[in-house]
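Okay, so the sequence shown: first residue is 111 according to the working numbering, each after it adds one. We treat Cβ as the ideally placed atom computed from N, Cα and C, and that holds for glycine. Inspection log for the structure reproduced underneath, given as structure tokens.
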Amino acid sequence: MSEHDLAFYGVDWDAPAPSALWDGDLHDDAVPVEVPALPDLLDPEDFHRLVTEVNPLHESEDSGVDLYINTLNFICACTE
């Protein structure tokens, strides 16, 4: 990834501005989104290892992309 791509990682240029979505009360016709519960990918022992090995608050020069990749690699290794 280039430095420019990392600076704008996750930006959806075609989406409405956040202030248009979240400024004020919900409209009467708007329905809140319900997210279903997902099954646990890790057993409690692996989850504890993940919490101790990957710090989500660690400094990142890649806008957290490196932290995400570390977490993804950890989960993939545990679920193989």
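A direct Cα-Cα distance of roughly 10 angstroms separates H158 from V164.
If you compare the alpha carbons of V143, P146 and L182 with that of V161, the shortest gap goes to L182. In this structure, D156 and C186 do not form a Cβ contact; the two beta carbons are roughly 12 angstroms apart against a cut-off of 8 angstroms. Contact annotation: L116 and D172 have beta-carbon atoms nearer than 7 angstroms.
Just measuring C-alpha positions, the residue of I179, S112 and F184 sitting nearest L152 is F184.
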